[in-house]
Structures are given as C-alpha cells and as structure tokens.
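**Student:** Quick one: this structure, given as structure tokens, is what I'll be asking you about.
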Amino acid sequence: MSRNAQLPTHRPRATRGPSGSTRPVTARRASVTSLSGPKAQRTSKTSQKLVVLPSAPQTKPLREDLPDGESDTHDYHAGYETDGGVREHKSAGERMSKADRKKAGFKRITAYCVAEGFKMKQLANFLHREHNVLPRVFDEALYVMYHLPLLPGYGPNSNIRSSVPSHIPGRKSLLSRLSEAEENGYQDTYFAAPDIRSPTSVRDGYMSSGSPVQNRLPLRRDTQESEAEGDENGQERTRGEEPPERPQARKEDEIAEIIFFEYGVVVFFGLLEEQEREVLEDLENAGVIKRPIKEDDWEIEECHFAQDPNISYPRIYNDFFTFKSPSHLLKLSVAHALAQSTLLAHYESSAIAVLSSPLTLSIPKQLATDGSLKLARRDALRLTGRLFKLRRDVNLVSNVLDTPELFWSEASLGELYTAVREYMEIEGRVKVLDEKLVVANGFLDAIHDHLNNSAMERITWIIIWLIVVAVLVEMGEVVARLVVHATTANQLQIARLATAPISRESALRTLERMMAAP
Numbered sequence: 012m013s014r015n016a017q018l019p020t021h022r023p024r025a026t027r028g029p030s031g032s033t034r035p036v037t038a039r040r041a042s043v044t045s046l047s048g049p050k051a052q053r054t055s056k057t058s059q060k061l062v063v064l065p066s067a068p069q070t071k072p073l074r075e076d077l078p079d080g081e082s083d084t085h086d087y088h089a090g091y092e093t094d095g096g097v098r099e100h101k102s103a104g105e106r107m108s109k110a111d112r113k114k115a116g117f118k119r120i121t122a123y124c125v126a127e128g129f130k131m132k133q134l135a136n137f138l139h140r141e142h143n144v145l146p147r148v149f150d151e152a153l154y155v156m157y158h159l160p161l162l163p164g165y166g167p168n169s170n171i172r173s174s175v176p177s178h179i180p181g182r183k184s185l186l187s188r189l190s191e192a193e194e195n196g197y198q199d200t201y202f203a204a205p206d207i208r209s210p211t212s213v214r215d216g217y218m219s220s221g222s223p224v225q226n227r228l229p230l231r232r233d234t235q236e237s238e239a240e241g242d243e244n245g246q247e248r249t250r251g252e253e254p255p256e257r258p259q260a261r262k263e264d265e266i267a268e269i270i271f272f273e274y275g276v277v278v279f280f281g282l283l284e285e286q287e288r289e290v291l292e293d294l295e296n297a298g299v300i301k302r303p304i305k306e307d308d309w310e311i312e313e314c315h316f317a318q319d320p321n322i323s324y325p326r327i328y329n330d331f332f333t334f335k336s337p338s339h340l341l342k343l344s345v346a347h348a349l350a351q352s353t354l355l356a357h358y359e360s361s362a363i364a365v366l367s368s369p370l371t372l373s374i375p376k377q378l379a380t381d382g383s384l385k386l387a388r389r390d391a392l393r394l395t396g397r398l399f400k401l402r403r404d405v406n407l408v409s410n411v412l413d414t415p416e417l418f419w420s421e422a423s424l425g426e427l428y429t430a431v432r433e434y435m436e437i438e439g440r441v442k443v444l445d446e447k448l449v450v451a452n453g454f455l456d457a458i459h460d461h462l463n464n465s466a467m468e469r470i471t472w473i474i475i476w477l478i479v480v481a482v483l484v485e486m487g488e489v490v491a492r493l494v495v496h497a498t499t500a501n502q503l504q505i506a507r508l509a510t511a512p513i514s515r516e517s518a519l520r521t522l523e524r525m526m527a528a529p
C-alpha cells in the first residue's frame with residue numbers, strides 16, 4: 012500500500028559492530044520506492060481519519076472551557092473531533108507528514124506482504140539460533156522481541172542479531188513480565204470500567220468525555236499494571252494541569268518487535284528501514300519463505316507510533332498510532348489488523364492487475380465488435396486460472412475475513428482489533444473487492460462460453476470430416492469391387508476357352524491348314 016519508504020539501494024561497504032568487527036560487502040535489494048504498478052488506496056491514508064481505540068458511546072459531550080482570548084475556531088483547527096464528540100488537540104506527530112516524522116525520528120510500524128506463507132517451525136528455529144531471540148507463538152502469529160542495539164549476525168547468511176538483555180538484580184526480566192501480562196490479559200486504560208455512574212458524572216444532561224481515565228479512574232479497582240504493560244506514573248492529568256514530563260525509557264527496555272504471520276506478512280515495530288530489509292534478507296537466505304512474491308509486487312504499509320502515558324486513551328490519526336503503554340498484547344492486536352489490511356491490499360493489487368490486463372480488457376471489446384472471442388485456448392485457460400486463484404485466495408484461503416483465534420480467547424483485545432480494522436477500512440474494501448470479483452465472474456462466464464463453443468465447433472468439424480472420410484472409403488470400396496469383378500470375368504473366359512475339348516476331325520483339319528500354308 013504505502014510507497015513512501017525511501018530505502019537505500021546499496022548496502023554500506025562495511026558494518027561495524029560494538030566489538031569493532033566489520034561485515035563483508037554483500038548485494039543489496041532495490042529500494043521499495045521503485046516498485047511499480049497500480050496500487051489500491053484506502054481513504055484513511057489521505058482523509059486524516061481518527062479512530063479512538065476504542066471510544067465509549069456518548070449522549071451529549073461536555074464542551075471544553077476555552078482559555079481567555081482563545082476562540083472556538085482556533086481550537087477547531089488545533090485539534091479534531093473524536094467519535095464521542097470530544098475535542099482533542101493533535102500531537103506533533105499527528106500534525107506531521109510521513110516524511111517529517113521520518114526526519115523527526117518517530118518509530119516506525121511497517122507491514123510487508125512478501126510471500127504466500129512462512130514455514131513457522133523452521134522460522135522459529137532460525138530466529139532462535141541466528142538472531143538470539145526467543146519467539147513466542149500466538150496461534151498463527153510468531154512474536155519476537157529484539158533488544159537494541161542490533162548486532163551483526165553470527166554467520167555470512169545472517170545480517171543482524173539481538174543484543175543480550177542486561178540483567179538488574181532484584182528486577183524481573185522482560186520475558187517474565189511478558190508471561191505475567193499474558194496471564195493477566197490486556198488491562199490498559201481504554202478498556203471500559205464497570206457501568207456505574209456517580210451523581211457527579213452527569214451534569215444537566217451532559218456526560219463526561221469518552222476518556223475512561225479522567226472520569227472512571229476512581230471507580231476502578233486499586234490495582235497496578237504489571238511492569239510489562241507500562242507504568243501509569245500516578246493519576247492522569249486533568250484540565251488546566253500541565254502535562255508531566257514523559258518518563259525516560261529504561262535502557263534495558265529499549266526493544267524492537269517483529270510479528271510474523273503464517274500467511275506471509277511481517278509487521279515491524281521500532282526498526283529502521285535498513286534493519287527491516289536485513290531481516291527480510293535473512294528470511295530469504297534461511298529458506299523459510301513459501302512461494303515468495305516478486306519484490307515489485309510487495310505490498311508495504313508504513314505508519315509511525317509513539318508512546319504517551321499522559322493521553323486519555325490510545326488512538327490512531329493520520330496513520331500515526333499513539334499508545335498509552337508499551338504492551339506487547341496491544342501491539343499484537345494492531346499487528347493482526349495491519350497484517351490483514353496489507354494482505355487485502357495484495358489481493359486488491361492482484362485484482363487490479365488481472366482485470367486491467369490487455370487480455371482481460373480485450374474480452375468485452377471483442378464481444379462488442381465481433382460477437383465472439385478470438386482467444387487461444389491456452390490463453391483462455393491461463394486467464395481462467397488467475398481469476399479462480401484470486402477468488403479462492405479471498406474467499407477460501409485468506410485470513411482477511413476471519414477473526415483470529417487470539418481475540419476469541421483474549422476478549423479484552425477484541426475491541427482494539429476491531430477499531431484498527433475500522434480505521435484500515437477492511438470491511439468496506441472487502442465489499443469493493445467482492446464487487447470486482449463479481450465482474451471477474453462475468454469474465455469467467457464469457458470465457459467458459461467461448462471455450463464451450465470452441466469445443467463444440469471443434470467436435471462438429473471432427474464429425475463432419477469423419478463422415479467425409481467414411482463416404483470416401485465406401486466409394487473406394489465400390490470402385491475396387493467393380494475393378495475386381497471385371498478382372499475376374501475376363502480371366503474366367505480365357506480359362507474356359509483354354510480348357511474346352513477338341514475333336515479328332517478338328518485337330519486334323521487344323522494340322523492340314525498349317526502344313527498347306529507356305
């Protein structure tokens with residue numbers, strides 16, 4: 012989908028790791044900016060759509076008290092309206108373009124559709140052995156956490172590997188905290204509290220905003236988030252208070268995350284473009300890719316994200332994700348929706364390529380002008396196979412239409428996954444793709460009629476020629492019988508004459524004539 016990534020076309024001459032060792036020079040993939048061909052676009056890439064993750068329903072939102080001298084028009088241009096009607100101010104990252112975010116150093120969320128599938132067991136073994144990581148399996152997804160900075164790989168076929176996590180005595184490791192977070196489930200502040208309202212929460216028919224933090228925090232149980240889900244750093248700021256400074260990330264918690272999906276999509280969190288390409292090269296060298304897609308046909312979805320513990324709730328705006336905590340379960344939910352959107356974009360591009368090919372476009376033109384198709388049987392069968400494969404991938408094999416098993420077993424993540432799917436407009440895009448497949452069905456019907464008519468015409472001509480051959484054979488047989496009959500009659504006459512008896516008188520007369528002859 013996204014083609015804004017500016018990836019280097021050549022690998023640097025040498026890469027120097029912390030130990031001072033250099034890496035040999037190897038070939039480099041081409042930049043993704045050179046990928047050509049028509050690509051389908053979702054409207055949320057350009058319309059600056061906002062989706063709260065998720066937003067609570069409101070009856071009548073409270074109006075923000077504007078500071079003295081500030082007009083409502085200025086506040087409108089400084090922010091946006093949420094689904095609940097509450098006005099929020101855009102952050103710096105949300106106001107930037109993707110190019111500006113890249114210059115500002117915002118972390119990336121990038122999804123690549125590079126193959127029709129991965130060999131998940133071999134992939135997990137390879138990552139554990141060569142990248143020094145511990146993959147975690149979530150049904151059809153493989154979650155991997157890399158400690159930064161990334162180091163050079165162990166062997167010539169491995170570009171990178173994870174750093175060794177530092178250990179602080181008396182503090183649990185990140186893996187232990189991940190396990191605890193998975194046992195406790197996702198408990199971030201977007202998740203609605205029990206539906207209990209105090210008299211102070213309703214004023215003159217107005218409900219407080221959809222933020223579950225500012226208005227429902229006193230009603231929540233006094234429990235602390237696990238260390239893996241992030242640190243709340245006290246109560247949330249209220250109106251009029253200055254936002255507290257962002258807590259500095261602990262050095263041992265500087266991580267990047269990669270989520271591999273069985274259907275051939277990889278989602279990166281917090282890696283640079285060069286590092287993402289190195290990981291993809293490692294996958295290709297390891298032989299864990301099933302039926303890879305040509306690089307020109309890769310689908311790439313590029314977004315950015317930031318973490319802000321002071322926001323009311325996580326949200327997406329202008330392809331910019333703002334998370335409240337560094338929860339790996341939250342990122343896993345986002346990755347599922349983003350991967351499905353990228354896979355759907357691959358199918359959209361395939362549909363456009365098939366339906367806009369010269370061979371396909373010639374079908375209605377030939378029917379309109381000649382009333383028949385002048386299409387070779389081989390070309391017709393190839394086009395039929397491509398259309399059938401597209402229909403099968405979307406409706407039977409694809410994971411785009413299915414809710415992953417993770418969200419049936421982990422209900423707290425379902426609303427977040429649904430909200431990201433809504434932002435990516437997956438449901439609407441699937442309907443549009445189905446309409447294109449209906450057009451493909453019309454092409455299939457025309458091709459089938461053409462093949463059937465061609466087959467019947469061929470069979471008819473075969474029967475005609477067989478009849479002609481049979482007539483010729485019969486005529487030849489009649490002529491042969493006449494010739495044989497005539498030849499046989501002459502031979503019988505000669506034989507009859509040769510075998511006739513001669514009398515004595517006839518013989519003597521014959522001898523006399525012969526002797527009397529001079």
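Number 529 marks the last residue of the sequence shown (the numbering used here); no jumps. Idealized CB from N, CA, C, for every residue including glycine.
#1: Could I get the ranges of all uninterrupted alpha helix (DSSP H) runs contained in the segment 256 to 341, with 4 residues as the minimum, in chain order?
#2: Val-299 and Phe-129 - do their beta-carbons sit closer together than 8 angstroms?
#3: Just curious, the alpha helix (DSSP H) that Met-526 is in, first and last residue?
#4: Between the Cα of Ser-173 and those of Tyr-123, Asn-501, Cys-314 and Leu-282, spot the shortest distance and give me the residue it belongs to.
#5: Can you give me the C-alpha to C-alpha distance between Arg-432 and Leu-162, rounded to a whole angstrom?
#6: Going straight from the alpha carbon of Ile-311 to that of Glu-468, what length do you get?
#7: Between Tyr-428 and Ala-348, how many whole angstroms is the CB-CB distance? I'm expecting something under 8 angstroms.
#8: Let me make sure I understand the geometry here. Which of Phe-331, Lys-400, Asp-308 and Gly-396 has the alpha-carbon closest to that of Phe-316?
#9: Would you please state the rounded distance, in angstroms, between the beta carbons of Val-450 and Leu-366? I believe it to be under 8 angstroms.
#10: Is there contact here, the segment 100 to 110 with the segment 323 to 330, by at least three beta-carbon pairs under 8 angstroms?
#11: Measure the alpha-carbon distance for Ile-171 versus Phe-280 and round it to whole angstroms.
#12: Confirm, please, whether the CB-CB distance from Ala-457 to Leu-378 is below 8 angstroms.
#13: Name the two residues that bound the continuous alpha helix (DSSP H) containing Thr-563.
#14: Please return the same chain residues whose Cβ sits closer than 6 angstroms to the Cβ of Gly-48, not counting the five positions on each side in sequence.
#15: With 16 as the cutoff for other CB atoms within 10 Å, does Gln-504 come out buried or exposed?
#16: Whole angstroms are fine: how far does the CA of Asn-168 sit from the CA of Gly-31?
#17: Can you tell me which residues form a DSSP beta bridge with Thr-121?
#18: Excluding five sequence neighbours on each side, which residues of the same chain lie with their C-beta closer than 7 angstroms to the C-beta of Glu-289?
#19: From the DSSP output, in three-state form, read off His-142 for me.
#20: Answer yes or no: do Gln-351 and Ile-437 have a C-beta to C-beta separation smaller than 8 angstroms?
#21: Under 8 angstroms between the Cβ atoms of Val-155 and Glu-268?
#22: Exposed or buried, which one is Ile-473 when buried takes at least 16 other CB atoms within 10 Å?
#23: Grab me the residues of Leu-444's own chain with a C-beta within less than 8 angstroms of its C-beta, minus the 5 sequence neighbours each way, in chain order.
#24: Spatial neighbours of Ser-465 within its chain, please: CB distance less than 8 angstroms, with the 5 preceding and 5 following residues excluded, ordered by chain position.
#25: Am I right that Ala-122 and Val-278 are in contact with their C-beta atoms under 8 angstroms? What's the rounded C-beta distance?
#26: Taking the CB atoms as reference points, tell me whether Glu-265 and Leu-159 lie closer together than 8 angstroms.
#27: Look at the alpha carbon of Val-495 and the alpha carbon of Met-486, and state the distance between them as a whole number of angstroms.
#28: Between which residues of its own chain and Lys-342 is the CB-CB distance below 7 angstroms, once the five residues before and five after are set aside?
#29: Report the residue from Arg-403, Ala-481, Glu-306 and Leu-134 whose alpha carbon sits nearest the alpha carbon of Asp-293.
#30: For the alpha helix (DSSP H) that Glu-105 lies in, which residues bound it at each end?
#31: Rank Thr-395, Ala-422, Phe-272 and Gly-439 by C-alpha distance to the C-alpha of Gly-453 and give the top, closest one.
#32: Got a sec? Which residues, its chain only, sit under 7 angstroms from Ile-478 by beta carbon, not counting five neighbours each side?
#33: From which residue to which residue does the alpha helix (DSSP H) around Ala-115 run?
#34: Roughly how many whole angstroms lie between the Cα atoms of Thr-498 and His-461?
#35: Report buried or exposed for Ile-475, applying the criterion of at least 16 other Cβ atoms within 10 angstroms of its Cβ.
**Tutor:** Working from what's here:
#1: Those alpha helix (DSSP H) runs which fall completely within the segment 256 to 341 and span 4+ residues are 284 to 297.
#2: For Phe-129 and Val-299, yes; Cβs fall inside 8 angstroms.
#3: Here the alpha helix (DSSP H) through Met-526 covers 515 to 527.
#4: For Ser-173, the nearest C-alpha among the options comes from Leu-282.
#5: Whole-angstrom Cα-Cα distance: 35 angstroms.
#6: Here the C-alpha atom of Ile-311 lies approximately 48 angstroms from the C-alpha atom of Glu-468.
#7: With a beta-carbon spacing of about 6 angstroms, Tyr-428 and Ala-348 fall inside the 8 angstroms limit used to define contacts.
#8: The option with the nearest alpha carbon to Phe-316 is Phe-331.
#9: Between Leu-366 and Val-450 the Cβ distance is about 6 angstroms, and since that is below 8 angstroms, they are a contact.
#10: Yes, they touch.
#11: When rounded, the distance between both Cα atoms is 16 angstroms.
#12: Yes, the pair counts as a contact, with Cβ atoms nearer than the cut-off.
#13: Outside the modelled stretch of the chain, which goes from 12 to 529, sits residue 563, for which no answer is possible.
#14: Unreliable positioning characterises Gly-48 in this predicted model, as indicated by a pLDDT of 46, which lies under 50. A coordinate reading is not provided.
#15: The residue in question, Gln-504, is exposed, as its Cβ has fewer than 16 Cβ neighbours within 10 Å.
#16: Because Gly-31 carries a pLDDT of 39, less than 50, the predicted location of this residue cannot be relied on, and no value is offered for it.
#17: Under DSSP, the beta-bridge partners assigned to Thr-121 are Phe-279 and Glu-313.
#18: These residues qualify, in order along the chain: Asn-170 and Ile-171.
#19: Correct three-state label for His-142: coil.
#20: Between Gln-351 and Ile-437, the C-beta gap is smaller than 8 angstroms, which places the two residues in contact.
#21: Yes.
#22: Classification of Ile-473: exposed, given that the 10 Å Cβ count is below 16.
#23: Its chain contains Leu-355, Tyr-358, Glu-359, Ala-362 and Val-405 as the residues whose beta carbon lies nearer than 8 angstroms to that of Leu-444, once the 5 sequence neighbours on both sides are disregarded; these appear in chain order.
#24: Around Ser-465: Arg-388.
#25: So it is a contact: roughly 5 angstroms between Cβ atoms.
#26: Closer than 8 angstroms, so yes.
#27: Taking C-alpha positions only, Val-495 is separated from Met-486 by approximately 14 angstroms.
#28: Glu-268 and Phe-280.
#29: Of the residues Arg-403, Ala-481, Glu-306 and Leu-134, the one whose Cα lies closest to the Cα of Asp-293 is Leu-134.
#30: Boundaries of the alpha helix (DSSP H) around Glu-105: 103 to 106.
#31: For Gly-453, the nearest C-alpha among the options comes from Thr-395.
#32: Once the five neighbours on either side are set aside, Ile-478 has no close Cβ partner at all.
#33: Counting along the chain, the alpha helix (DSSP H) containing Ala-115 begins and ends at 109 to 115.
#34: Between the alpha carbons of Thr-498 and His-461 lies a distance of about 55 angstroms.
#35: That one is exposed.
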